[in-house]
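To start, the structure under review is shown below, and the notes come after it.
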Amino acid sequence: EELDQLPVLKCISRSGVGIDNIDQEYAKKKNITILNTPDVVVQPVTEMTIALIFDLLRFLTYHTTIIRSGQWVKKAGHTLTNRKIGIIGLGRIGKRVAESLRFFHADVMGYDLYPDTVWAEKHGVRIVDLTTLIKTSDIISLHVSLSAQNPFMLGQPEFAMMKKGTIIINTSRGQVIDETALYEHLSSGHLGGAGLDVFRKEPYTGPLSTLNNVVLTPHISTLTEESRAEMERESVVNLLQFLNLPIRQ
Numbered sequence: 001e002e003l004d005q006l007p008v009l010k011c012i013s014r015s016g017v018g019i020d021n022i023d024q025e026y027a028k029k030k031n032i033t034i035l036n037t038p039d040v041v042v043q044p045v046t047e048m049t050i051a052l053i054f055d056l057l058r059f060l061t062y063h064t065t066i067i068r069s070g071q072w073v074k075k076a077g078h079t080l081t082n083r084k085i086g087i088i089g090l091g092r093i094g095k096r097v098a099e100s101l102r103f104f105h106a107d108v109m110g111y112d113l114y115p116d117t118v119w120a121e122k123h124g125v126r127i128v129d130l131t132t133l134i135k136t137s138d139i140i141s142l143h144v145s146l147s148a149q150n151p152f153m154l155g156q157p158e159f160a161m162m163k164k165g166t167i168i169i170n171t172s173r174g175q176v177i178d179e180t181a182l183y184e185h186l187s188s189g190h191l192g193g194a195g196l197d198v199f200r201k202e203p204y205t206g207p208l209s210t211l212n213n214v215v216l217t218p219h220i221s222t223l224t225e226e227s228r229a230e231m232e233r234e235s236v237v238n239l240l241q242f243l244n245l246p247i248r249q
């Protein structure tokens with residue numbers, strides 16, 4: 001409906017990476033070019049992913065809550081070294097996350113529809129099938145995009161296959177997790193924790209916010225002052241290049 005009201009529109013320049021909120025097929029029919037800024041988000045999302053992992057491994061948010069309640073209770077955490085970490089989706093961000101985790105001597109495995117085996121061998125990342133990843137990982141981090149051709153979701157069957165204590169991290173899209181099934185497996189104690197920056201419906205107000213083994217953030221993985229400024233700059237550069245206009249440095 002919006003595109004039909006813009007008869008002279010030639011280009012949409014997205015400040016960020018996700019374009020799944022644009023009707024891409026219809027835009028193509030209307031000869032509308034869609035541009036985005038995929039590279040600038042890689043580092044901030046990678047850092048956010050690793051921050052959530054450390055928070056859950058060392059119970060940082062949990063201990064903060066305990067101290068604020070007036071208690072002095074210590075809960076032993078876990079080191080990242082030798083943890084089996086499964087990366088689902090080895091695109092720009094998934095690769096950077098995997099590379100970063102290898103610096104902490106984590107045992108990193110990955111799944112992708114079209115895996116880059118040369119990259120994986122270079123960085124010591126094992127390419128495995130999805131079932132193996134789900135069954136053997138201590139931590140699973142999602143870095144998948146929404147696609148009608150290749151839909152993906154972690155739901156009841158997948159959570160049931162996971163080891164007791166598995167941690168789930170999602171900084172990609174909220175739609176790739178069945179939140180009801182996730183809540184059930186977290187509240188039962190089967191899963192160890194979850195770090196979620198994205199949700200099926202935002203703002204999120206659901207039952208996951210009642211659990212003390214869940215860290216929730218309001219879709220801020222790409223939101224740093226540095227990355228936001230660079231995304232806006234690149235989105236303008238994309239438009240100028242599309243229009244064949246000069247770019248001032």
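Per the working numbering, the sequence shown starts with residue 1, numbered consecutively.
Positions of the beta carbon are idealized from the N, C-alpha and C atoms, including for glycine.
Computed from a predicted model, the values in this text were never measured in an experiment.
Where residue i sits in the DSSP three-state scheme
i	result
MET48	helix
ALA257	Summary: the structure shown does not reach residue 257, with the chain confined to residues 1 through 249, and so no result is reported for it.
ILE53	helix
LEU130	helix
ILE247	coil
Among the options, the one whose alpha carbon lies nearest that of residue i
i	options	result
TYR111	GLY91, ILE67, THR61 and LEU9	GLY91
LEU243	ILE85, LEU9 and ILE50	LEU9
THR171	LEU3, VAL17 and GLU1	VAL17
ALA27	PRO7, VAL237 and LEU196	PRO7
ILE220	GLY86, GLU202 and VAL214	GLU202
GLU1	ILE19, LYS30 and GLU179	LYS30
THR210	THR222, TYR114 and LEU186	LEU186
GLY94	THR132, GLN43, HIS63 and GLU184	GLN43
PHE103	LEU56, LYS75, ILE50 and SER145	ILE50
Any C-beta of chain B under 8 Å from that of residue i
i	result
LEU146	Given the protein chain composition of this structure (a single chain), no chain B is represented.
Rounded separation between residue i and residue j - CA only
i	j	result
LEU154	VAL176	6 Å
ASP138	SER69	30 Å
GLU47	GLU25	33 Å
GLN5	LEU245	26 Å
MET161	MET109	17 Å
ILE167	ASN82	15 Å
ILE66	THR79	21 Å
LYS163	LYS84	11 Å
Expected contact under 8 Å - CB spacing of residue i and residue j to nearest Å
i	j	result
VAL198	SER141	About 13 Å; that fails the 8 Å criterion.
LEU182	PHE159	7 Å
SER13	LEU239	5 Å
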